[in-house]
Each structure stands twice: as C-alpha cells, then as structure tokens.
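If you read the sequence shown in the working numbering, its first letter stands for residue 4, the second for the next number, and so on. The beta-carbon is built from N, C-alpha and C at its ideal position, and this holds for glycine as well.
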Amino acid sequence: MLKVGGSRASWWKEHLSTLLPEATLYLAGEEMNRDEIDYAVVWKPEPGWLKTFKNLKCIVSIGAGIDHVLCDPELPVHLPIIRTTSPDLKVRMREYVTLHVLRLHRRLQEVTAAQMVREWRQIIEPPAHERRVGIMGLGNLGADCASTLAAIGFDVAGWARSEKTIDRVACFAGEAARNAFLARTDILVCMLPLTPETEGILNEDLFDRLPDGAAVINVARGQHLVDEDLLAALDRGKMCSATLDVFHTEPLPHDHAFWDHPKVLVTPHIASLIDPIAGGKRIAENIKNFDAGKPIVDLVPQGRGY
4 MLKVGGSRAS
14 WWKEHLSTLL
24 PEATLYLAGE
34 EMNRDEIDYA
44 VVWKPEPGWL
54 KTFKNLKCIV
64 SIGAGIDHVL
74 CDPELPVHLP
84 IIRTTSPDLK
94 VRMREYVTLH
104 VLRLHRRLQE
114 VTAAQMVREW
124 RQIIEPPAHE
134 RRVGIMGLGN
144 LGADCASTLA
154 AIGFDVAGWA
164 RSEKTIDRVA
174 CFAGEAARNA
184 FLARTDILVC
194 MLPLTPETEG
204 ILNEDLFDRL
214 PDGAAVINVA
224 RGQHLVDEDL
234 LAALDRGKMC
244 SATLDVFHTE
254 PLPHDHAFWD
264 HPKVLVTPHI
274 ASLIDPIAGG
284 KRIAENIKNF
294 DAGKPIVDLV
304 PQGRGY
C-alpha cells in the first residue's frame, strides 16, 4: 500500500512497481483486500488509517522523519518502522541550507529591494569567518550542513541533546548549554527531530536569547515554531529575517501572515524533497532486506521517537 499525496502518487507507484516487480502495489483509495497488505509506504497517513490493515508487517516512512507516523494516536505500536534515507536527501538539504545562510549573510533581500527602486546600494558585510551560524540538531543532515558551512569559512556551532564531535564545529549539548549556544548565533538553523521536548522550541524565550537582529531558518517541522512569537519578534526588530520551509498546516493557508510579511521568505517544503527515483530505490532495498531478515540501517529502534 502506497500513500503519498499530490500529483507524484502515480510516479511513485510506477517507479516502485519496477523496483518490486514481484509485489502488487496499490495507491490509497484503490480497491483492494486490506487483509492482504503486508507493507504500508506512507507520508502523513490520517489518524487511524494504518490500523485498518490487520496483517501489516512493517510501516515505511517516505522520508527520514517518522513524526508524521508517530502522531497517530491509534498507531499499531508493535509494528516496526523503517525511515527512508538517501544520499540525495543529504545533498539537497546541504544545498538549501547553504544557499539561505549565504543569502542572509550577504543580505540579498536588501540588494533585491534596492534594485526594485533603482538604488545603487553597496552593502559591505564581514567575511564568513565573522558570521556565527548555529545548527540546532546534529543528526545526519544537521552534521553534514554544519560541516559544509564550516568548510566555506563560517564560524559554526551546533547544539544537540547528546554530545557530538564534528571537525571545525563547536558542539554544545543538553539544556545546560543551550543558552550559551544561542548567545553566539547570528543565523539559527533548526534541524531538530520533532519530539514532545522540541515541539514549540522556536518561541519568544528562545528568540530573546539570540543576539539582536538574528535570523532563523526552519527546515525541520512547522510544529517546532510558535508562529505568533516569530511574527512578534520580527515586528519589534528582535529578529531580522525568517526563512521557513515547513509549517503547521501544509500547504500554508492563503490567509496566513507569513505570505505577506516583508521579513519572511516562504518556500513550499522543498529543502530536501524526496523523489521516487532516489527514495524508491532505498525503499525497495529496505523492504527486500526486511523480508529476508537482513539488517536494515534505516530501521527505527523500538520506542525511539525519531
């Protein structure tokens, strides 16, 4: 069973069918015998949907995050969950984060605004080694982005729940170190997993602990951000800019204040969008290994929230 939204659903089915020729694939909504479904390959399934498949062996998340599965209050908790990772995901996230850190560092929004009024405005910024970037979340994607930014020359720090070691990156760990991490961060990039502890972490208190005029980039989950707190921080000048790729409701509602705010850049959840070519290959490989009882790197440890 394949459940993925939008126009890509048929593309996913067609490509996965070529990678798993021995399997019968159904898209959500197609007629089938639910009791014959062994695997559910999903993105944001509705609450209670997964429990309707009585003989599932495993749930496969279309993406590295599993919070969209775990948020189901009726989730069959005994079922193994396999995340989907791919080198392409890392490359795309690295590109997006580097692009927007550089855009903020070189103040391209102001350059564009000057062009619109035909103003020849030369903005001189300090070199990268004088710009302090902070990455919240040092998993595979966060650590890779931190290393990339450090290689460019930025003064990079990272914060995570547990101790990490990354070359050329100052690593902070735990709640006791979070305020020190925030105090030295001019551009904050949120790459945290979504857990009960991290939900709403981008809030008024956190913004107040950043230097005046800091910027934030959120490529993690919309639920990390308290929207009203960010808007207030932008309006009072505490924060200078926000680049947001994820939102509480997606697509972002047409009447949301983020669309028209002059200090907010909205992108439609494209930072590291998985496609059927790269993602399908990894999903097919994981399903085959699961069937054969082989080890799976992407298998989520039982009870792990991310």
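Worksheet item: Between L22 and the rest of its own chain, which residues show a CB-CB distance below 6 Å, the 5 nearest in sequence each way excluded?
Response: Counting from one through the sequence shown, the residue named residue 22 turns up at place 19. If we look at L22 and ignore the five residues flanking it on each side, its Cβ neighbours are G283, A287.
Fill in: DSSP three-state assignment for V100, whether helix, strand or coil
In the sequence shown, residue 100 corresponds to position 97, counting from 1. Here V100 sits in helix by DSSP.
Worksheet entry | Under the three-state DSSP convention, the category D211 falls into | Sequence index remark: in the sequence shown, residue 211 carries index 208 (1-based). D211 falls in the helix class under three-state DSSP.
Worksheet item: So what's R181 in DSSP terms, helix, strand or just coil?
Response: In the sequence shown, counting from the first residue as 1, residue 181 sits at position 178. Of the three classes helix, strand and coil, the one that applies to R181 here is helix, per DSSP.
Worksheet entry | Whole-Å CB distance - A43 paired with V63, under 8 Å assumed | Within the sequence shown, numbered from 1, the residue matching residue 43 stands at position 40. Within the sequence shown, numbered from 1, the residue matching residue 63 stands at position 60. Right, their Cβ atoms sit about 7 Å apart.
Worksheet item: Just how far apart, CA to CA, sit P79 and G177?
Response: Along the sequence shown, one-based indexing puts residue 79 at 76. Along the sequence shown, one-based indexing puts residue 177 at 174. Taking the straight line joining both Cα atoms gives about 31 Å.
Worksheet item: Between the Cα of D278 and the Cα atoms of R11, E253, M4, which residue gives the shortest distance?
Response: On the sequence shown, residue 278 is found 275 positions in, with the first residue counted as 1. Per the Cα distances, R11.
Fill in: C-alpha distance - N221 paired with A116, whole-angstrom precision
Position 218 of the sequence shown, counting from 1, holds the residue named residue 221. Position 113 of the sequence shown, counting from 1, holds the residue named residue 116. Cα-Cα distance, rounded: 23 Å.
Practice prompt. Leaving aside the five residues before and after C174 along the sequence, list all residues of the same chain whose C-beta is less than 6 Å from its C-beta, in chain order.
Written response: The count along the sequence shown starts at 1 and reaches residue 174 at position 171. Hits under 6 Å: G161, K167.
Item to complete: Out of L237, K241, I273, state which residue places its alpha-carbon closest to the alpha-carbon of P254.
Response: Here residue 254 is taken as the residue at index 251 of the sequence shown, counted from 1. Comparing Cα positions, the closest option is I273.
Worksheet item: Taking all protein chains shown into account, do 16 or more other C-beta atoms lie within 10 angstroms of the C-beta of W46, making it buried, or fewer, making it exposed?
Response: Residue numbering aside, residue 46 sits at position 43 when the sequence shown is read from its first letter. Classification for W46: buried.
Item to complete: Using a threshold of 8 Å, state whether the C-beta atoms of G306 and L73 are closer than that.
Response: Along the sequence shown, one-based indexing puts residue 306 at 303. Along the sequence shown, one-based indexing puts residue 73 at 70. The answer is no: Cβ separation not under 8 Å.
Discussion item. I'd like the ranges of any beta strand (DSSP E) spanning at least 3 consecutive residues and lying wholly in the stretch 102 to 175.
Written reply: 135 to 139, 158 to 163
Discussion item. As a quick exercise: from D75, Y29, I40, pick the residue whose alpha carbon is nearest that of G51.
Written reply: Taking the first residue of the sequence shown as 1, we reach residue 51 at position 48. Considering only alpha carbons, the answer is D75.
Worksheet item: Looking only at C-alpha atoms, which of A67, I85, R110, N36 sits nearest to V303?
Response: If you number the sequence shown from 1, residue 303 lands on position 300. Closest option to V303, Cα to Cα, is I85.
Worksheet item: Do the stretch 149 to 161 and the stretch 207 to 218 touch if we need at least three Cβ pairs shorter than 8 Å?
Response: no
Discussion item. Quick check on the DSSP output: the beta strand (DSSP E) that includes S89 runs from which residue to which?
Written reply: Residue mapping note: residue 89 aligns to position 86 of the sequence shown, counting from 1. For S89, no beta strand (DSSP E) encloses it, and the DSSP letter there is neither H nor E.
Discussion item. Is it the case that the stretch 258 to 268 contacts the stretch 236 to 247, given that we only count it when at least three CB pairs across the two stretches are under 8 Å?
Written reply: yes
Worksheet item: Which residue comes first and which comes last in the alpha helix (DSSP H) that contains L19?
Response: One-based indexing of the sequence shown puts residue 19 at position 16. Element bounds for L19: 12 to 22.
Worksheet entry | Counted within 10 angstroms of its Cβ, other Cβ atoms place M242 as buried (16 or more) or exposed | For the purposes of this step, residue 242 is taken as the residue at position 239 of the sequence shown. Classification for M242: buried.
Fill in: Spatial neighbours of D215 in its chain, beta-carbon cut-off 7 Å, leaving aside the 5 residues before and after
Mapped onto the sequence shown, residue 215 falls at position 212. Counting only Cβ-Cβ distances below 7 Å, and skipping sequence neighbours, we find K241.
Item to complete: On the DSSP bridge assignment, give the partners of N221 in chain order.
Response: Indexing the sequence shown from 1 puts residue 221 at position 218. DSSP lists C193, L247 as partners of N221.
Discussion item. As an exercise, report each continuous alpha helix (DSSP H) stretch of at least 4 residues that is fully enclosed by the stretch 33 to 77, in chain order.
Written reply: 70 to 73
Worksheet item: Sorted by chain position, which residues of the same chain lie with C-beta nearer than 8 Å to D147's C-beta, five sequence neighbours on each side aside?
Response: Numbered from its first residue, the sequence shown carries residue 147 at position 144. K93, M96, R97.
Discussion item. Quick check: what's the CA-CA separation for S13 versus L213?
Written reply: The residue labelled residue 13 in the question sits at position 10 within the sequence shown. The residue labelled residue 213 in the question sits at position 210 within the sequence shown. The C-alpha of L213 is placed about 45 Å away from the C-alpha of S13.
Worksheet item: So what does V269 bridge to, in DSSP terms?
Response: Counted from its first residue, the sequence shown places residue 269 at position 266. V269 pairs with L247.
Worksheet entry | Cβ pair V192, G225 closer than 8 Å | Taking the first residue of the sequence shown as position 1, residue 192 is located at position 189. Taking the first residue of the sequence shown as position 1, residue 225 is located at position 222. No, Cβ-Cβ distance for V192 and G225 is not below 8 Å.
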